[in-house]
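As structure tokens, the structure follows; a few thoughts come after it.
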Amino acid sequence: MSLLNPSKGWRSSSSRLLALYSFLFVAWSGILLGVLYWEVTSYLGNLARHSLMQRQHLFARFEGDQLVDALATSMTFDMRAVDAYGLFDENQKPLYGPIHRFPAGLPMDGQIHELATCVDSDDPNLPRDSCDAVAAPTRDGRWLVLVRDNGSLFAVTTLILHALFWGISLTIIPGAAGWHLLRRRPLRRIRSIQASAEAIVAGDLAGRLPVSNRRDELDMLAVIVNAMLDRIEKLMNEVKGVCDNIAHDLRTPLTRLRAQLYRIQQQSPEDSQQATQMGQVIAEADTLMARFRGLLRISELEDHQRRSGFVQLDPRPLLQELHDFYLPLAEEGGVSLHLQMDPELPQLIGDRALLFEALANLLSNSIKFTPPGGKVILGAFADYDSTRIEVQDSGPGIPSEEREAVFQRFYRCEDGAQKSGFGLGLSIVAAIVNLHGFKLQIGTSPNGGASLILECRQAIELG
Amino acid sequence: MTRILTIEDDAVTAKEIVAELSSHGLDVDWVDNGREGLVRAVSGGYDLITLDRMLPEVDGLAIVTTLRALGIATPILMISALSDVDERVRGLRAGGDDYLSKPFASDEMAARVEVLLRRRNPVTESETVLRVSDLELNLISREASRGEQPLNLLPTEYKLLEFMMRNSGQIITRMMIFEEVWGYHFDPGTNLIDVHIGRLRKKIDPPGVTPLIRTVRGSGYVIAEPL
């Protein structure tokens, strides 16, 4: 069983938070600069119109040559080519000034109008793009056209757009870098939490989630989960304690029962009906004791601390021994038992006796459920980093929906009910496999029957 | 007469042990606590001690350790309610000669006592040829023969036959066979040992010859002179 893999990318909570934050920041910057732009442009626009109006009022006082002089004088102070003028007669013929053509589309009403294209002229000193313009009659019946470039507005717009662009770029780039850095640390912590949690799932109930001294949300969560684990462990120990006590209390009565039955049998005359009956009762008592021992054995094996018998061992002699041990039984049942091994197998770390017991249980089941004429293969093959020990048979196989259940205590396949067996064997196997940290896969054998593959971690070569 | 000391705090179990061993012609003394048990074991003259692992006052493990430290080599069969592997190893390491976990069958216990008593008999130690009737097992050349007929035995069959012949006339249980010949301590299913015995039987008791291996119903096997 493995836990959900923490997402590497945008799904992490810090990524989401940062994305939301960046979006809000950009939106806010946009709004801020937009408002600023609007305010500044409208202010500058007003300012430009105001000054144009002032000029218009100023020149309205003059007439004739005085007006021409005043216009010429004003132009000498306009170094930036912002202002321009043109004096036209009543037929809009140019009389004086740099503007030689009456701007098209400018109403002759003395009001300020904004023109998209200002003056049609090649003179570099004249504004060419959009401008504010006013055409007003002079006292002597001519028309004075005053033009003021609003290009400064355009410059402000550009300035603000640049600011917006840089602002957003500079928000996004450090934001992305920050996101990368920020998501790494929580992810690392999630990974360490995940590692601890997986150890706990694998059966190490004493394990706890790591808590840092930052006291953030992850730590709060870890503390809550740890408190929960404390409670679960306590309850499990209580249950186990009760079970152990019950088991312990049953040992003596069972011993007494078996002993007294045996004595009654010994005392009854041989070959009498009573002796035969007692024999049957004793056989039942023996079955009871065997199952009881099996249960005790499982609870002992499930206590994960029992690794005192672990050594480095070569699986080959172990498998050879198993093969020799089960060969007579297989032959008796008309089943052929084959041993197939790689010529060299890496060493394993394990308890030899327990591995023998586990594999013996698997083999015993395979032989028991394979009909006469069938085949059972005991195999061992080294993969890159693990060794597969396999038991393949040509029996009825284990239906896929029952594969989990066969390792429960007292489980036995439906159609195998007539075969004898304690039904605890596979639970013992499961307990031994868990104790070793190996994996057991149940599948379908190429021979048509069950395939039980034990994946064993190899011993790490030292030196 | 062979004298046995039974140190066991449960009266009913003790009574059954005494009854069973007495029926084997052994003289059994029973003590129900550890301290007295240790005193008796030391002052002794007993040929064998059956020792409960958990006892009031002085623990069974402490008794074994003390006896061995005092140089007393009386064979000890430890009987324990603690069945796990570590406990067994601890008991044997402390100096116990055999270990039986509760719940146990009294015939199993008696068979183990008999084998332990036999094992300390020095005569069998020095023998190089074991004989039961016309069956011979040469411990040096590791060859077996029945009558004049040499037998071709596999290594485990040899070990099995040697174990049985060393204890000829004694009932040997399947559990004892599995422990002694294969060296494992779990329940392999009764059938399996029977199959191995069956194989051996085919070789040493072929048709037409008086069989030497007898099945003792419910208990185990015995190899003995034909009756």
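Residue numbers (numbering that gives the first Met the number 0), protein chains in the order written: chain A, 0 to 462; chain B, 0 to 226.
Don't be surprised by glycine CBs; every beta carbon is placed ideally from N, CA and C.
Could you tell me the alpha carbon to alpha carbon distance between residue i and residue j, rounded to whole angstroms?
| i | j | result |
| --- | --- | --- |
| B/Pro210 | B/Glu178 | 25 Å |
| A/Pro345 | A/Ala352 | 18 Å |
| A/Lys418 | A/Ile366 | The predicted model places A/Lys418 with a pLDDT of 46, which falls under 50 and marks its position as unreliable; any figure quoted below should be read in that light. Computed Cα separation, rounded: 11 Å. |
| B/Ile192 | B/Ala110 | 17 Å |
| A/Ile159 | A/Leu23 | 19 Å |
| B/Met174 | A/Pro209 | 48 Å |
| B/Tyr183 | A/Met277 | 30 Å |
| A/Leu338 | A/Gln391 | 11 Å |
| A/Ala196 | A/Phe164 | 47 Å |
| B/Asp96 | A/Glu237 | 35 Å |
| A/Arg207 | A/Ser191 | 11 Å |
| B/Arg145 | B/Leu91 | 37 Å |
| B/Asp133 | B/Val114 | 23 Å |
| A/Asp384 | A/Gln311 | 16 Å |
| A/Ser129 | A/Asp108 | 19 Å |
| A/Asp215 | A/Gly349 | 41 Å |
| A/Val39 | A/Asn212 | 51 Å |
| A/Val67 | A/Ser28 | 50 Å |
| A/Phe380 | A/Met340 | 6 Å |
| A/Ile30 | A/Leu17 | 20 Å |
| A/Gly447 | A/Gln272 | 47 Å |
Would the beta-carbon of residue i fall within 8 Å of that of residue j?
| i | j | result |
| --- | --- | --- |
| A/Ile452 | A/Glu356 | no |
| B/Glu156 | B/Arg87 | no |
| A/Ala359 | A/Leu321 | yes |
| A/Leu86 | A/Leu51 | no |
| B/Arg52 | B/Gly43 | no |
| B/Asp8 | B/Asp31 | yes |
| A/Ala282 | B/Gly217 | yes |
| A/Val155 | A/Leu43 | yes |
| B/Val194 | A/Leu328 | yes |
| A/Leu377 | A/Leu318 | yes |
| B/Val63 | B/Gly94 | yes |
| B/Gly219 | B/Ile170 | yes |
| A/Leu256 | A/Ala274 | no |
| A/Gln65 | A/Ala135 | no |
| A/Gly104 | A/Leu70 | no |
| B/Asp26 | B/Met0 | yes |
| A/Leu300 | A/Ile427 | yes |
| B/Leu66 | B/Ala40 | yes |
| A/Glu89 | A/Thr137 | no |
Residues of chain A with a CB under 9 Å from the CB of residue i: which are they?
| i | result |
| --- | --- |
| B/Ser21 | Near B/Ser21 there are no residues of chain A at all, since even the closest Cβ is about 11 Å away, more than 9 Å. |
| B/Trp29 | In chain order: nothing, as chain A lies at least about 14 Å away. |
| B/Leu191 | Phe324, Tyr325, Pro327, Leu328, Ala359 and Ser363 |
| B/Glu15 | Thr254, Arg255, Arg257, Ala258, Gln259, Tyr261 and Arg262 |
Buried or exposed: which applies to residue i, given that a residue is buried once 16 or more other Cβ atoms fall within 10 Å of its Cβ?
| i | result |
| --- | --- |
| A/Asn364 | buried |
| A/His49 | exposed |
| B/Glu224 | exposed |
| B/Glu56 | exposed |
| B/Ala13 | buried |
| B/Ile203 | buried |
| A/Leu295 | buried |
| A/Val34 | exposed |
| A/Glu113 | exposed |
| A/Phe421 | The pLDDT assigned to A/Phe421 is 46, lower than 50, so where the model puts this residue is not dependable, and the model offers no usable value. |
| B/Pro102 | buried |
Can you pull the chain B residues whose beta carbon is under 7 Å from the beta carbon of residue i, in chain order?
| i | result |
| --- | --- |
| A/Leu434 | Chain B residues near A/Leu434: none, gap ~11 Å exceeds 7 Å. |
| A/Glu237 | Those do not exist, as A/Glu237 stays about 20 Å from chain B at its closest Cβ, beyond 7 Å. |
| A/Gln265 | Ser22 |
| A/Thr254 | Thr12, Lys101, Pro102 and Phe103 |
| A/Gly373 | Residues of chain B passing the Cβ test: none, with the nearest at roughly 17 Å. |
| A/Ala429 | The contacting residues do not exist; A/Ala429 stays about 15 Å from chain B at best. |
| A/Ile281 | Gly217 |
Below 7 Å on C-beta distance, what does residue i contact in chain A?
| i | result |
| --- | --- |
| B/Gly188 | Ser363 |
Residues of chain B with a CB under 8 Å from the CB of residue i: which are they?
| i | result |
| --- | --- |
| A/His247 | Ala80 |
| A/Gly278 | Arg216 and Gly217 |
| A/Gly356 | According to the sequence shown, residue 356 of chain A is Glu rather than Gly. In chain order: Tyr183 and Phe185. |
Which bits of chain B does residue i rub up against, with CB to CB less than 9 Å?
| i | result |
| --- | --- |
| A/Tyr20 | Result: empty, since nearest Cβ-Cβ is about 58 Å, beyond 9 Å. |
| A/Phe309 | Those do not exist, as A/Phe309 stays about 12 Å from chain B at its closest Cβ, beyond 9 Å. |
| A/Thr251 | Asp9, Val11, Thr12, Ala80, Lys101 and Pro102 |
List the residues of chain A whose Cβ lies closer than 8 Å to the Cβ of residue i, in chain order.
| i | result |
| --- | --- |
| B/Asp97 | In chain order: nothing, as chain A lies at least about 17 Å away. |
| B/Val194 | Pro327, Leu328 and Glu331 |
> Do three or more CB pairs link the stretch 9–27 of chain B to the stretch 255–264 of chain A at distances below 8 Å?
Replying inline: The stretch 9–27 of chain B makes contact with the stretch 255–264 of chain A; the number of CB pairs closer than 8 Å reaches 3 or more.
>> I want to know whether the stretch 154–173 of chain B touches the stretch 129–141 of chain B - three or more CB-CB distances under 8 Å.
In response: yes
> Below 8 Å, can you find three or more Cβ-Cβ pairs linking the stretch 218–230 of chain A to the stretch 64–73 of chain B?
Replying inline: no
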